[in-house]
Structures are given as C-alpha cells and as structure tokens.
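Residue numbers (my numbering): 1 to 290.
Glycine is no exception: its CB is placed at the ideal position from the N, C-alpha and C atoms.
These notes are about the structure you will find just below.
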Ligand SMILES: [Zn+2]
C-alpha cells in the first residue's frame, strides 16, 4: 500500500476526515536515520501525526510537531506540508525496548515532556500550542492537544502494524474532526469506535485508504483529495552557509584557523555540505563588515 495523505468529509456527521499512511516513508527513515526498532516505531507515529496536523493547515502553510521528553529517545521533530511533503528526525536513534512496541515507545519517551505544534500562519507569523505529555503516547497526547489547546472536537488514532517479520508493515493515522455546525455525537461515536480498536482492525489485512477510512470512521465518506506522501528536504549549500554564519565572525575565524573548512550535515536528510575556505572567508568578511 503506497503512502498517501487522504482528505474528505463525513457529510452526515458534519466532520472532516484525514487519513495518513506512512509505512514506506517510515521504513526509508529507519535506514536514513539509522533508527533502532523503538525509535523507528515512534518516528512512524510522528510522521503520521505530522501529516494529519499539516492537512488541517490553511493556505498550504507548513506545520511542525515537536516532542521533547526526559526518556532515552529525548524527542522528535516532524516538519510537514499539507501537500504531503514531510521530513523529520529523532533525537535518540539507538533506542530499543524488546517486547510490545507500544509499551517500548512509552518507555522510550520516559516520564515527562511536552508535545508542541508550531503552525506557520502563512504570513511569517507562527502559532505555537503545547501540552504536557501525560499518556506518554503520541496519539493519546495529541488527542489531549486538540481538546485543550485547539478546543476542537476531534477523534484520532495512530497505528503501526506488523506484517510478518516487518515491524513497520503499515503505519497510519486517522483523524475525524467536527466542522462548525457538525454533530458532536457523531464524532463521539467515531471516537468510541477508534478507542475500541477500529483502526487497528481495519489495518489487520492490507487495504486501500478508502476502505480503511470506511471501516474505521464509518460509511458515507466523500473524498476531497488523495495525495502522495513524499520525504522532501529543502536543505542546500546556501542554508549550510547560513548555519555556519550563526557562529559569528569569531567562530568562523576559529574554524578557518583550525580545520579550514566546515562540514554541515542536514539533520533531516543526512546530506553533507562542505563549506570551504573561500566560502568561510567570504562569510567572515560579511559578518565582520556587518
Ligand atoms: Zn536536508
């Protein structure tokens, strides 16, 4: 099943529906970031959650999901776009707890932390909403985020499903959110279905997105958009130079006299950029002059 970001409506309930499938992307990221199984499981949930959040954005603006915690995994960051583009990283890649992956993921997050959603308003303004981690589960704490921080009636679940030997066989998120004038009881019924394991049941065997949505959220789904999910990073040599410039004229002078060049590795896509002597001298000159 290909990775998709699907949006639609449940007109009978007056609710919108978003479904994000990220199994391929999660398996690719496991290799890209060298993630151990528990870290990979958490990141798969994070990718799905980030895309669900992004699909609620207006004006095609980006959204960031940031989780910081006191456990061995430390946290993760996902940058997602409503068009289905996503990228991110996990702080502690080498985390694995054998046994039930959900319990392992909770142990990896630890005992305390925060979940933050940073929305680009599209005009250079950012809105940041945060909740303390309580359940120490991305799905459950994101549900609290919607209830407390955004105060929108939302049903949501994230599922990472094993297929044979592959622990990241499928990874999906489903969100049903009441629209203005919608029926809160209909959203409540979806919430109960999801709490009863409807998404996990719908993913028990491989099924296309619209079948999963119907089985988990209910009949009467109207499709609005079905987009590909792609892991895309916007890093460049120019951004690597900007990262070096943050060190200031003195810092750049120090690199020039010690290594003679700076190597910047993008934390999202692991691309290495070498900022050479001539570029460093130019940056130092610019900073010195400024
Ligand atoms: Zn990159």
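Residues bridged to residue i (per DSSP)
i: residue 275; result: 262
i: residue 178; result: 15
i: residue 90; result: 76
i: residue 127; result: 119
i: residue 155; result: 176
i: residue 230; result: 85
Distance cut-off 7 Å: residue i Cβ against heavy atoms of ligand 1
i: residue 237; result: no
i: residue 233; result: yes
i: residue 151; result: no
i: residue 121; result: no
i: residue 29; result: no
i: residue 77; result: no
i: residue 271; result: yes
i: residue 172; result: no
i: residue 268; result: yes
Residue nearest to residue i in terms of C-alpha spacing, selected from the options
i: residue 53; options: 16, 185 and 249; result: 16
i: residue 268; options: 38, 55, 42 and 76; result: 76
i: residue 246; options: 219, 283 and 237; result: 283
i: residue 226; options: 84, 219, 170 and 177; result: 84
i: residue 166; options: 26, 20, 4 and 6; result: 26
i: residue 295; options: 29, 181 and 201; result: Here the chain comprises residues numbered 1 to 290, so residue 295 is not present and cannot be evaluated.
i: residue 256; options: 90, 102 and 277; result: 277
i: residue 44; options: 133, 170, 63 and 211; result: 170
i: residue 194; options: 159, 144 and 209; result: 159
i: residue 218; options: 199, 208 and 207; result: 199
i: residue 30; options: 89, 56, 63 and 175; result: 89
i: residue 285; options: 253, 48, 174 and 211; result: 253
Local Cβ density within 10 Å of residue i, reported as buried at 16 or more and exposed below that
i: residue 38; result: buried
i: residue 265; result: exposed
i: residue 263; result: exposed
i: residue 258; result: exposed
i: residue 155; result: buried
i: residue 19; result: buried
i: residue 162; result: exposed
i: residue 221; result: buried
i: residue 101; result: buried
i: residue 272; result: exposed
i: residue 274; result: exposed
i: residue 74; result: buried
Span separating the alpha-carbon of residue i from that of residue j
i: residue 129; j: residue 67; result: 12 Å
i: residue 124; j: residue 248; result: 25 Å
i: residue 9; j: residue 42; result: 28 Å
i: residue 233; j: residue 86; result: 8 Å
i: residue 2; j: residue 168; result: 13 Å
i: residue 216; j: residue 157; result: 10 Å
i: residue 36; j: residue 46; result: 15 Å
i: residue 178; j: residue 190; result: 11 Å
i: residue 71; j: residue 108; result: 5 Å
i: residue 144; j: residue 240; result: 37 Å
i: residue 137; j: residue 111; result: 11 Å
i: residue 202; j: residue 228; result: 21 Å
i: residue 21; j: residue 139; result: 15 Å
i: residue 94; j: residue 127; result: 32 Å
i: residue 186; j: residue 176; result: 10 Å
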